[in-house]
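Heads up: the sequence shown begins at 68 in my numbering, then just goes up one per residue. Each residue gets a CB set at the ideal place from its N, CA and C atoms; glycine is no exception. In this text the structure is predicted, and so the values were computed from the model without any measurement. These notes concern the structure reproduced below.
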Amino acid sequence: MSQTIVPGRTQEIVVSQLDTYNHTAMNAGNYTVSVSINEIPPSSISVVIQLNLVTKATSIAPSATQELIQLQQVIDCAVNDVISVIISSSNPAEALPNIFKGQINLRYGLS
C-alpha cells in the first residue's frame, strides 16, 4: 500500500513496516529526503529513494552488527514530480508490522 506524505515545508512520517511512501511536489525546487531505520540485525531491509520512478539513492546492505540504516538525498523537483521512498526486504519475516522502527523526513528548500 502506498502512503502519501502530506505536503508542507517539513514533513516527518514514522514507519514500522515495509511499504512505498510517496510525496507529490507542490512546489518546484530542492527537496531533502532523509530516511533512518533502526532495526535488530540480521536484516535484509533496503531503502530506495526515487524521483518519478527513477532511482536516485539506494541504501547499502546492512552488516550483521549494523543496527541503523541512514540514507539522504537532495532532489531537484518540478511541480507534480513524485518522490518515493521504498522500504523493502527479501526476508518474508520482515513483512510483518513493527519489525523495525524508522522515520522519513522530507524538507522543502535548502537549509
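Length at least 3, wholly inside the region 125-149: the beta strand (DSSP E) runs in chain order: 135-144
Pull up the DSSP beta-bridge partners for LYS168, would you. ASN105
Between the C-alpha atoms of GLY169 and LYS123, what's the straight-line distance to the nearest angstrom? 20 Å
Starting from LEU118, trace the beta strand (DSSP E) both ways and give me its first and last residue. 112-118
Spatial neighbours of GLN84 in its chain, beta-carbon cut-off 6 Å, leaving aside the 5 residues before and after: PRO164
Cα-Cα separation between GLN137 and MET93, rounded to whole angstroms: 26 Å
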